[in-house]
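To convert a position in the sequence shown, counted from 1, into my numbering, add 351.
Read through the structure below, which is laid out as structure tokens, and then see the notes.
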Amino acid sequence: MNSLQGKVIVITGGAGGIGETTARTAWAQGASVVITDRDGARVEAIAAELGERAAGLAVDVTRREDNQRMVDLALERFGRLDGVFLNAGIEGEVGPFDSRSDAAWETVFAVNVHGVRFGVQAALPALRQNKGGSIVITSSVAGVRGAAGLSPYVSSKHAVIGLMRTLAAELGPEGIRVNTLNPGPVDNRMMRSIEEQANPGHGDEVHTAFAARIPMGRYVTNEECANMAVFLLSDSASGSNGNTFMVDGGYCAH
Ligand SMILES: NC(=O)c1ccc[n+]([C@@H]2O[C@H](COP(=O)([O-])OP(=O)(O)OC[C@H]3O[C@@H](n4cnc5c(N)ncnc54)[C@H](O)[C@@H]3O)[C@@H](O)[C@H]2O)c1
352 MNSLQGKVIV ITGGAGGIGE TTARTAWAQG ASVVITDRDG ARVEAIAAEL
402 GERAAGLAVD VTRREDNQRM VDLALERFGR LDGVFLNAGI EGEVGPFDSR
452 SDAAWETVFA VNVHGVRFGV QAALPALRQN KGGSIVITSS VAGVRGAAGL
502 SPYVSSKHAV IGLMRTLAAE LGPEGIRVNT LNPGPVDNRM MRSIEEQANP
552 GHGDEVHTAF AARIPMGRYV TNEECANMAV FLLSDSASGS NGNTFMVDGG
602 YCAH
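Quick look at the structure:
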């Protein structure tokens with residue numbers, strides 16, 4: 352059993368499918384959770400529902416100071432930090448490389464890459480004070496494969512794998528483990544958006560085509576992703592550092 356009993360975990364993207372489910376799963380396993388998102392009202396409502404051991408905070412991960420505020424809240428409210436789940440991400444707009452504007456690239460990188468960098472920077476002093484911990488970054492199958500129409504997103508999800516491997520090498524000696532969660536297509540809002548952008552009005556056909564490429568024949572669920580995230584945040588994963596953990600139904604196996 353992957354228990355998070357007594358651990359203090361900060362989660363970004365906590366109003367989204369994977370983030371909210373991870374927050375609830377971590378909380379159910381005994382963690383205290385700081386649930387953050389740019390949708391502050393939603394994470395505050397989730398935290399209020401959970402009650403004890405939960406706090407919600409409006410955070411824009413592209414702002415360095417917001418990342419600091421979420422770590423400060425964990426320390427103030429719960430006294431320590433054991434792990435961060437740097438999960439906030441955006442898919443951006445779907446379209447061929449030639450049509451991608453500078454702004455499209457910058458927007459996706461600001462959230463998916465620099466948001467993660469700021470999160471790590473904010474968390475490190477607290478994790479060092481804790482004499483170790485776990486950093487889990489949400490990458491994607493798009494971090495290890497290309498995907499037509501998603502050049503900024505794919506590039507950003509490759510970038511955080513490079514960051515994760517480098518951090519794993521640098522921080523391993525300090526007992527701070529760094530890994531990525533790499534979901535395949537998940538049955539949630541983000542895939543609905545990608546499907547609909549790829550073929551407006553016929554997103555269900557895109558869904559069927561994607562699912563047919565997955566050996567398990569279906570998208571994975573928020574719960575399946577959350578279970579992997581919680582495992583990586585827990586001491587059950589004490590030997591895992593510097594790796595990509597696929598939850599993709601076999602998508603990358605062929
Ligand atoms: N859904 C999928 O199929 C899939 C597959 C692979 C990887 N991922 C990754 O999983 C992570 C979670 O996505 P999801 O599937 O739960 O989608 P989602 O859109 O439901 O959740 C993403 C959350 O991130 C938040 N967010 C976006 N920009 C932010 C910002 N600047 N500051 C703070 N919060 C911000 C959103 O408000 C949202 O709640 C993302 O990094 C995504 O790229 C998703």
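We put the beta carbon where it would ideally sit given N, CA and C, even for glycine.
Can you look up residue 567 in the DSSP assignment and give me helix, strand or coil? coil
Whole-angstrom distance between residue 604 and residue 446, CA atom to CA atom: 26 Å
Through-space distance from residue 403 to residue 463, alpha-carbon basis: 30 Å
Whole-angstrom Cβ separation of residue 406 and residue 428, contact assumed at under 8 Å? 5 Å
Under 8 Å between the Cβ atoms of residue 438 and residue 370? yes
Cβ-heavy atom distance, residue 542 to ligand 1, below 7 Å: yes
By the DSSP assignment, the alpha helix (DSSP H) with residue 530 in it spans what residues? No alpha helix (DSSP H) contains residue 530, which is instead part of the beta strand (DSSP E) from 527 to 534.
Beta strand (DSSP E) segments (min. 3 residues) lying fully within the segment 370 to 428: 383 to 388, 405 to 409
Using 8 Å as the threshold, is the segment 393 to 402 in touch with the segment 449 to 460, meaning 3 or more CB pairs across them? no
At the level of alpha carbons, what is the spacing between residue 520 and residue 593? 7 Å
Out of 572, 599, 597, which has the shortest C-alpha to C-alpha gap to residue 373? 572
Go to residue 458, then tell me how far its beta strand (DSSP E) extends in each direction, as first and last residue. Taken as a continuous stretch (DSSP letters only), residue 458 belongs to no beta strand (DSSP E), being part of the alpha helix (DSSP H) at 453 to 460.
Note down the Cα distance separating residue 552 from residue 558, rounded to an integer number of angstroms. 12 Å
Would residue 534 and residue 491 qualify as a contact pair, given that the criterion is a beta-carbon distance under 8 Å? yes
Closest residue to residue 356 among 589, 585, 498 (Cα-Cα distance): 585
Could you tell me whether the segment 524 to 540 touches the segment 560 to 580, using the rule of 3 or more Cβ pairs below 8 Å? yes
DSSP three-state label for residue 512, please. helix
Thinking residue 487 and residue 583 are a contact (beta carbons under 8 Å), I'd like their distance in whole angstroms, please. 5 Å
Inter-residue CB distance, residue 466 and residue 412 (contact presumed, cutoff 8 Å): 3 Å
Step through the CB atoms of chain B and report whether any lies within less than 8 Å of the CB of residue 599. Among the protein chains of the structure shown there is no chain B, as only one such chain exists.
Under 7 Å from any heavy atom of ligand 1, does the C-beta of residue 534 make it? yes
Cα separation between residue 408 and residue 471? 18 Å
If you follow the beta strand (DSSP E) that residue 485 is in, where does it begin and where does it stop? 484 to 489
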